[in-house]
Amino acid sequence: NAGVTQTPKFQVLKTGQSMTLQCAQDMNHEYMSWYRQDPGMGLRLIHYSVGAGITDQGEVPNGYNVSRSTTEDFPLRLLSAAPSQTSVYFCASLNWGETNEKLFFGSGTQLSVL
Amino acid sequence: GDSVTQMEGPVTLSEEAFLTINCTYTATGYPSLFWYVQYPGEGLQLLLKATKADDKGSNKGFEATYRKETTSFHLEKGSVQVSDSAVYFCALSEGSSASKIIFGSGTRLSIRP
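Protein sequence lines correspond, in order, to chains A and B. Residues in the first sequence are numbered consecutively from -1, following my numbering. Residues in the second sequence are numbered consecutively from 256, following my numbering.
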């Protein structure tokens, strides 16, 4: 099925470890983004991209890096994981030019940092 | 800045009960308002939307009316089903950029058979 695919679904890290959360979409969407979801808080935007080679910071970018070398992929990198990064992460994509409510979300990655 | 506040959960109801999930917002302009739903193990998906005051969004038996005077967008359904068990997110957006969408904290709804 077409859509947004996130891997892994679950991950446990130790403080200081690095890892990459993968996000891929097969809808040829220009816009892709990463959110984190924490208890009692809404989804908060980490980074977003409006096309290959273009990225920008969202509300909570610190501790995360992104790159967009292809239209399909938008990986999120944690260079040195911290317990404060324990969260559920969602990737989303949108076809540029459409109204913003047509965001397509992945099913999420649950990350625990010990 | 803009914000969205929705009722805390979890909300537990019996099948066929009436549902209301409250949502209020703060915005400087005239935002579009949305309800997203997240079923277990899945990503968020748009449930309904309203783009201007007094608009009513509806989908799958759910309704919400954009009330500018009370800055609210409460989600309602007349008779819930077990399959409605999910987490519901209220959200707003000012402007046309997806990067400007602001989400509420989500309300978990559980329906008992």
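By construction, the Cβ of each residue, glycine as well, lies at the ideal position given by its N, Cα and C atoms.
### Query
Under a CB-based cut-off of 8 Å, is leucine 41 (chain A) close to chain B?
yes
### Message
Taking the alpha carbon of alanine 308 (chain B) as the reference point, which residue from B:Leu288, B:Leu302 and B:Gly333 has its own alpha carbon closest?
### Response
B:Leu288
### Task
Give the single residue among A:Pro81, A:Thr69 and A:Asn60 whose Cα lies nearest to the Cα of arginine 75 (chain A).
A:Asn60
### Query
DSSP three-state call for serine 67 (chain A): helix, strand or coil?
coil
### Query
According to DSSP, is serine 338 (chain B) helix, strand or coil?
helix
### Message
For glycine 361 (chain B) and phenylalanine 102 (chain A), I'd like the C-alpha separation in whole angstroms.
### Response
17 Å
### Message
So glutamate 297 (chain B) contacts chain A; which residues on that side make the cut at Cβ distance below 7 Å?
### Response
Ser105
### Task
For glycine 14 (chain A), return the contacting residues in chain B, with the cut-off set at a CB-CB distance below 8 Å.
Within chain B, no residue comes near glycine 14 (chain A); the closest Cβ sits about 30 Å away, beyond 8 Å.
### Task
May I ask you to verify whether the segment 270 to 278 of chain B touches the segment 293 to 311 of chain B, counting CB pairs closer than 8 Å and requiring at least 3?
no
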